[in-house]
Amino acid sequence: MAENTIILPKDSNDALALNMPMVEDKQYSTLNLGPVHPATHGIFQNILTMDGEKIVDSEQTVGYIHRAFEKIAERRPFYQITTLTDRLNYCSSPINNFGWHMTVEKLLGVKVPKRAEYIRVIMMELARISDHLICNSILGVDTGAYSGFLYVMQEREKIYEIYEEVCGARLTTNMGRIGGMERDLSPTAIAKIRDLVFNSFPKVWAEFETLFNRNRIFRDRIQNVGAISSTRAIAYGFTGPNLRATGVDYDVRVNEPYSSYEDFEFEIPIGHKGDTFDRFMVRNGEVWESLKIIQQAIENLPEGPYYADEDHYYLPPKKEVYSSMEALIYHFKIVMGEIDAPVGEVYHAVEGGNGELGFYLISDGGRTPYRLHFRRPSFIYYQAYPEMCKGLTISDAVVIMSSLNVIAGELDA
Amino acid sequence: MINNESIVEEVVGQFGQKVFGFEEPFGLLTFTTNASDLTEVVDFLKNHPKFKFNFLTDIAGIHFPYNAGGELCSMCMIHSWENNIRVRIKVFVPIADPKVPTLSTLFASANWMERETFDFFGIEYIGHPNLKRILNMEDMDYFPMRKEYPLEDATREDKIDALFGR
């Protein structure tokens, strides 16, 4: 356990606080950060033990919005579980949706056509942009810079409009189906995506970066705050931008490419210190990379079907349901859940907004999973939080939590 | 070249009869070990000079009510980033005495994952620094993910499994 813990002290007082053990007869004050607190962005509690303004120790209580998704999933047909995944990381629902679809497709052995995979990549990267955009701009809000947040919110609205055009919903999207997309990208959707990634968004994001990246006040607040070494980050199960900020270039999109990610040229931005500033910069960089991926995908969008030819799993078009016998039968069988999945044990991971989002599915040959476990990145890395804010002040604890991007839905499942 | 075969060879060479039940569902090497040997096996794979399973991806519990003597399963999945290969290790323990050694001595991330598994399945991780419920409330006196707790209201007669799933 005693690996090299590097929490870079901001000044000599911090170094003292780090080495300071809890003393028995000393009076400490206890402070509740949460469950309902503007800085927690969700409902979870941190009980901080304070020595003056320094955090000596902290304990987390999670589970306030636990909704027993894993249990509920054991009684639901596969296609009805997508709506549960929406509510994990609700800042980037499409990634969760497609991650789940891909898990089931792996179990069923469905080969998804190229066009559907490209559409999925576009939607997943849009989701990643909106996720990072929220995280970074909220970090601005937590340090007192509100305008950047409001400014980029307009762009998130455009992303949500694209979701709306593609699937009809905005936040909990339930996008796509097992075997592909539920409908093709409409010309309006393509026009909106093109406008976003080629015209409006790059300008806005460049301006957001000029607002923040070299802003003295902002950097004073976040630089060297909450640093974690790569060794500790790996031990604590960090993945995603928080891990890459420590200098490790692990990305599921590259390590185990899914959904045609191998077709695209992009880089993995990494930091080197693992502090709040690095996490901020890595997310900024990832937004640019996501833009690059969407630009490539929309330019090279293949022609062809947008769903796999799998009558047993993919709902037939409504028009055929009303006119053909076979389509009606399949529609009925799928909706009533009369089609059994094969026996199998699958793990599929996608790169979610916060890191490796994994679905561990055991099917015993029924219509519902025998066991489904979500590997939720926030839940796993949030346990490093006490170590990261030890010896720092409350204002630091707030920005660390904000930069970790702990999403309550994902934390509690 | 490190692949599943070479891992099986090394692990069997090191542990012999202590590891068994090798299979490869969807290419992911899966095997079973005894509860008493789990830490040793994971430690071996983690510190192996070639394999370098440096990352604990996940720990999950599974309940098999009809597997007498091994009703509860604690599954851990480790990942070698350098070789980009995953391994899934299972331990089956009787529900009457579900004791599995903790992995939190090897991976700090196991702490909450094991608390979650304890919370939902009641698997006791021996040597865990802080084994208490994490997502459910602390005064809960049952383990809700076990199969004997149905999700639907048990008094309802109209929702039969033949029509509405398990």
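Chains as they are written, first to last, in the numbering used here: chain A, 1 to 413; chain B, 414 to 579. Yeah, the Cβ is synthetic: ideal placement off N, Cα and C, and Gly gets one too. Model, not experiment: these values are computed from the prediction.
The alpha-carbon separation between Asn96 (chain A) and Gly52 (chain A) amounts to approximately 42 Å. Using a 10 angstroms sphere on the CB of Ser403 (chain A), the tally of other CB atoms reaches 16 or more, which defines it as buried. Contact between Ile178 (chain A) and Tyr314 (chain A) holds, since their C-beta atoms are separated by about 7 Å, short of 8 Å. When Cβ-Cβ separations below 7 Å define contact, Leu516 (chain B) makes no contact with chain A. When DSSP states are grouped into helix, strand and coil, Gly434 (chain B) belongs to the strand group.
Just so you know, the alpha carbons of His461 (chain B) and Phe435 (chain B) end up roughly 19 Å apart.
Of the residues assessed, Asn300 (chain A) falls on the exposed side of the cut-off, its CB having fewer than 16 other CB atoms within 10 angstroms. Excluding the 5 residues flanking it on each side, Ser378 (chain A) has same chain C-beta neighbours closer than 6 Å at Asn354, Val406, Ile407, Glu410 and Leu411, in chain order.
Close partners of Leu441 (chain B) in chain A (Cβ separation under 9 Å): Glu345, Val346 and Tyr347.
Counted as a single uninterrupted DSSP element, the alpha helix (DSSP H) harbouring Leu84 (chain A) occupies residues Thr82 to Asp86.
With 16 or more neighbouring CB atoms inside 10 Å of its own CB, Pro369 (chain A) falls in the buried class.
From the beta-carbon of Ser449 (chain B), no residue of chain A is found nearer than 9 Å; the closest lies around 22 Å away. Ile138 (chain A) sits in a helix when the DSSP states are folded into three classes.
Going by beta carbons, Tyr306 (chain A) and Arg67 (chain A) fall outside the 7 Å limit. With the rule of 3 Cβ pairs closer than 8 Å, the region 512–529 of chain B counts as touching the region 461–472 of chain B.
For Phe374 (chain A), the enclosing beta strand (DSSP E) begins and ends at Arg371 to Arg375. Of all residues in the region 462–486 of chain B, only Asn467, Phe468, Leu469, Thr470, Asp471, Ala473 and Ile475 place a beta-carbon less than 7 Å from a beta-carbon of chain A.
Pairing Ser92 (chain A) with Asp131 (chain A) gives a Cβ-Cβ distance under 7 Å. With a threshold of 7 Å between beta carbons, Leu458 (chain B) makes no contact with chain A. In the same chain as Gly148 (chain A), and ignoring 5 residues on each side of it, the C-beta atoms closer than 7 Å to its own belong to Ser137, Gly140, Phe208, Leu211 and Phe212, in chain order.
Non-local C-beta neighbours of Gln60 (chain A) in its own chain, meaning closer than 6 Å and more than five positions away in sequence, comprise Asn46, ordered along the chain. For the region 21–93 of chain A, the continuous beta strand (DSSP E) assignments of 3+ residues that do not extend past its boundaries occur at 29–33, 45–51 and 54–61, in sequence order. Following the DSSP letters along the chain, one finds Thr445 (chain B) inside the beta strand (DSSP E) bounded by residues Leu442 to Thr446. Think of a sphere of 8 Å around the beta carbon of Asn255 (chain A): the chain B residues whose beta carbon falls inside it are Trp494 and Asn497, in chain order. For the 7 Å CB-CB criterion, Met550 (chain B) and Phe533 (chain B) do not form a contact. With a threshold of 16 other beta carbon atoms within 10 Å, Tyr562 (chain B) falls short and is exposed. Taking a Cβ-Cβ threshold of 8 Å, the residues of chain B close to His373 (chain A) are Asp471 and Ala473, in chain order. At least one C-beta of chain A is nearer than 7 Å to the C-beta of Leu564 (chain B).
The continuous beta strand (DSSP E) containing His492 (chain B) extends over residues Leu485 to Ser493. Val432 (chain B) and Val424 (chain B) have their C-alpha atoms roughly 8 Å apart. Taking every protein chain shown into account, the CB of Thr530 (chain B) has 16 or more other CB atoms within 10 angstroms, so this residue is buried. Beyond the five residues adjoining it in sequence on each side, Asp311 (chain A) comes within less than 6 Å, by CB distance, of Tyr330 in the same chain, given in chain order. Note on the region 488–567 of chain B: whole alpha helix (DSSP H) runs with a minimum of 4 residues are 523–534, in chain order.
Runs of the beta strand (DSSP E) spanning 3 or more residues and lying entirely within the region 320–366 of chain A occur at 343–351 and 356–364, in chain order. With contacts defined by Cβ atoms closer than 7 Å, Trp494 (chain B) and Tyr250 (chain A) form a contacting pair. Met414 (chain B) is outside the set of residues whose beta carbon lies under 7 Å from a beta carbon in chain A.
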